[in-house]
Amino acid sequence: MPIKTYREAINEALLQEMKKDENVVVIGEDVAGGAGTNGEQDAWGGVLGVTKGLLKHFGRERIIDTPITETAIMGMASGAALTGLRPVAELMFVDFMGVCFDQILNQTAKFRYMFGGKAVTPLTIRTMYGGGLRAASQHSQCLYPMFTHVPGIKVVLPSNPYDAKGLLIQSIRDNDPVIFMEHKNLYDTSGDVPDESYSIPFGEANFTREGKDLTFIAMGQTVEICNNVADTLKKEGKTCTVLDLRTLSPLDEDSILEAAEETGKIVIVDESYPRCNVATDISALICQKSFDSLKAGIKMVTPPHTPVPFSPPLEDLYLPSEEKVLNVAKEIL
Amino acid sequence: MSTNLVAITMPKWGLSMKEGSILKWIKSNGDNISKGDMILEIETEKVVNEMESPEDGKILKICANEGDTVPVGSIIAVCGKQDASNEEIDAFIEEFNSNFKSEINLEEGEEDLNEKIKVSDLEINFIKNINSNNENILFIHGFGGDLNNWMFNQNELSEKFNTYAIDLPGHGMSEKNIHSSTLDDLANLISSFCIATDINSVNLVGHSFGAGISIKTASLYPDLINSLTLISPIGLGKEIDSAYLENFINAESRRDLKKEIEKLYFNSDIITRDMLNEVLKSLRIDNVQSTLSKIQNEIIINGEQKNNLIDEINSAKVPVCVVWGKEDQIIPSNHHEVLNDRIKIIIEKDCGHMAHIEKPSVVNDAINSTIVG
């Protein structure tokens, strides 16, 4: 099967869906052009080059560069979705949600509900999240728990290129607002990705490792960390299950409980701030519905409750790492 | 060095298998074993299955313990006709290990053995294993399957025969859009595939719907076919679990799919999440479901089988062998009763619709003896 990067997989999903459905448009800052280019011939395709090449296929009618105003991007995209298009809006860094969150929280997420089911909003918001790029406190956050908190928005965190393509296609085809979150560190990771279009349904977590001694629950970039730790532990004679949540809303509760009950020892690895995050939510779920299966207290690996540091040594210390996950796992093994 | 001792090694199930984990030893040190006895359970990335003993004798020493993961070809036990001293056994293992060089690089990515070829305007994916033998085997999987279904068969038989396994249109890595999927069309496709790959004569091994294609190919192209080995074939009776096909196509989740896949096997412990994920990956490609629905309509009409191949199979001019799991829940094994006595029939107990996976040595022996005579 062809090997593609996460970035290429996302680009291919956009290309194939735009070819298939002329209602799909891309809206965002620099999605066509980009700093230092004339925009037309050798366009960058966004800050990290994800939409590169789409302009020449679809032109400026469908690859729409906007002014630097997230409020306008989300307003335009929500309205376009309400009136029949299927927009893919880019919120360059999720950290910028602050200026456009009313459009998402109080408008887009509520349309279907408040218009009695008569309005559909097939909007996909693509955004970058996560630390590790030495980009400081305002360009390194995860923030997905703020979206999972809001009913009416689907939240998708692909952990690998295969899932990125299939989940983005599903996001575009979905008739509700979806926030599709891309971890910056994953863009250059690669894996098997079929050339054909395919979609992965929301709400189906994926088992990436299977074992008997311990269960890791992970999302986005932390999946790879847990996979690597599971491989390390296997050499030491302990086998671990790794569950990749893939979507946070909807959440695959059945698989979470299944994975938890398989081993009774659980480590949840979440890169977002530790209060009211995905790890705490899942921990509560397991305690409520499957307490008797637990053989040890549930462990979480998260950053401390501080902004993401700019100092490289501090940022390394801040983020969940294989070493930290391994040590925590050994505490309960 | 004693010639009494034999190494039992990690088998290679499927062309992409690099290593396997020992789940459970069914036999212990000192147990007598005969060829074909189930001696241990092995887990690979794709499947959990029992390994049959390749030898007659006694297990003298188990070298890979439960939980160990070892490369394909490495020694997992020492077997002997008679007892041997510990020194002898240890020397034997040492010598085996000093000569053993894994051909498999665990660090490297999977070597891609898939090839594609344009046949009747469709891109067809296949894997071949050519050893310049005189006899060719072509494996044709069933509805919803792919060439990986032959993981316990193709490799084994490649030692003696040239083997080819194809993905039917709409399946595996072959083209997903098809216009027509009648048995006649697919028999034509098999014949065109053989022309395109320079196969002049071939032994077909078909499973279920693939067995129906094999019968039809033998009937339309008698000069091309040397023999038929058919596993749970369609076309010999009316009954079929039509809900299986419908639910398989429309399975939304791993859990839905598992309920269906369980019907294929006598022992459903064989089903792993990876196995289900591979099937789901394929089902989720655009157009796969609609193509499978077209094929479903060629297999079933009003809840019963549409094709009657009884005359065609009974009048085939070549050796034919039919292998059927006695507990087949998809197509009942008593359909074999319509076959004439020129056809060799093997009804295997404790076995479902997938005899080539559940009882590989039975199927492999059947294929071998059908070809060799």
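For the record, the sequence lines run as chains A and V.
Just so you know, my numbering puts 1117 at position 233 of the first sequence, and the rest follows in order with no gaps.
Just so you know, my numbering puts 313 at position 193 of the second sequence, and the rest follows in order with no gaps.
Here a beta-carbon is modelled for each residue, glycine too, at the ideal position from N, C-alpha and C.
Between which residues of its own chain and residue i is the CB-CB distance below 8 Å, once the five residues before and five after are set aside?
i	result
A/P1188	P1158 and Y1202
A/R987	For the record, residue 987 of chain A in the displayed sequence is Gln; it is not Arg. Closer than 8 Å at Cβ, skipping near neighbours: T955, M958, G959 and S962.
V/C183	I195, I196, A197, V198 and I213
V/M121	Low local confidence applies: a pLDDT of 48 at V/M121 is under 50, so the model's placement there is unreliable, and no value is given.
For residue i, is the classification buried or exposed, using 16 other Cβ atoms within 10 angstroms of its Cβ as the cut-off for buried?
i	result
V/Q274	buried
V/S352	buried
A/F999	exposed
A/Y1071	buried
A/F1175	exposed
V/L226	With a pLDDT of only 49 at V/L226, under the threshold of 50, the placement of this residue in the model should not be trusted; the figure read from the coordinates follows. Looking at its Cβ environment, which holds fewer than 16 other Cβ atoms inside 10 Å, V/L226 is exposed.
A/A1102	buried
A/L1198	exposed
V/S410	exposed
A/A965	buried
V/A197	buried
A/D914	buried
A/T967	exposed
A/T1186	buried
When the Cα atoms are used, what is the spatial distance from residue i to residue j?
i	j	result
A/A1143	V/H291	30 Å
A/I894	V/D157	50 Å
A/A1163	A/D1154	6 Å
A/L1117	A/D1097	10 Å
A/R1010	A/V972	7 Å
A/G930	A/K1208	34 Å
V/N169	V/E398	17 Å
V/N185	V/K378	30 Å
A/I1170	A/M1012	29 Å
V/G264	V/I146	32 Å
V/N253	V/F313	19 Å
A/K936	A/I1150	41 Å
A/L932	A/V1192	21 Å
A/L1210	A/T1106	13 Å
A/D905	A/V1039	23 Å
V/E432	V/S339	6 Å
V/L125	V/D448	39 Å
A/G1087	A/C1160	21 Å
V/R404	V/S489	39 Å
A/N1111	V/L365	35 Å
V/A127	V/K155	14 Å
V/S402	A/S1195	45 Å
V/L303	V/P289	12 Å
Based on the DSSP output, what are the partners of residue i in its beta bridges?
i	result
A/Y1218	Given that chain A is displayed from residue 885 to residue 1217, the structure contains no residue 1218 of chain A and the question cannot be resolved.
V/E432	Bridge partners of V/E432: none, in fact.
V/C199	V/V126 and V/I179
V/H496	Residue 496 of chain V is absent from the model: chain V starts at 121 and stops at 493.
V/P191	V/E139
V/G445	V/E468
V/Q425	V/I420
A/G1075	A/K888
A/D1047	In DSSP, A/D1047 forms no bridge with anything.
A/L1127	A/F1091 and A/I1101
V/W145	V/L160
A/S1133	A/V1039
Which residues in the same chain have their Cβ closer than 6 Å to the Cβ of residue i, if we skip the five residues on either side of it in sequence?
i	result
V/G177	C199, G200 and K201
A/A1048	Y890, A893, I894 and P1042
Compute the distance between the beta-carbons of residue i and residue j, then report whether it is under 8 Å.
i	j	result
A/L1127	A/I1140	yes
A/I1056	A/R970	yes
V/N251	V/N234	no
A/G943	A/R996	no
A/L1007	A/P1061	yes
V/L429	V/I335	yes
V/C137	V/V192	Note that residue 137 of chain V corresponds to Met in the displayed sequence, not to Cys. In contact: V/M137 and V/V192 (Cβ atoms closer than 8 Å).
V/N181	V/N152	Rather than Asn, the amino acid found at residue 181 of chain V in this sequence is Lys. No, these two residues do not count as a Cβ contact at 8 Å.
A/G1095	A/T1125	yes
V/Y284	V/I310	no
V/A331	V/I354	yes
V/I333	V/E424	no
A/M885	A/D1058	no
A/I1084	A/L1051	yes
V/H473	V/S328	yes
Can you give me the Cβ contacts of residue i inside the same chain, cut-off strictly under 7 Å, excluding the 5 residues immediately before and after it?
i	result
V/K479	E468 and C471
V/I465	V442, H456 and L459
V/F368	G264 and E380
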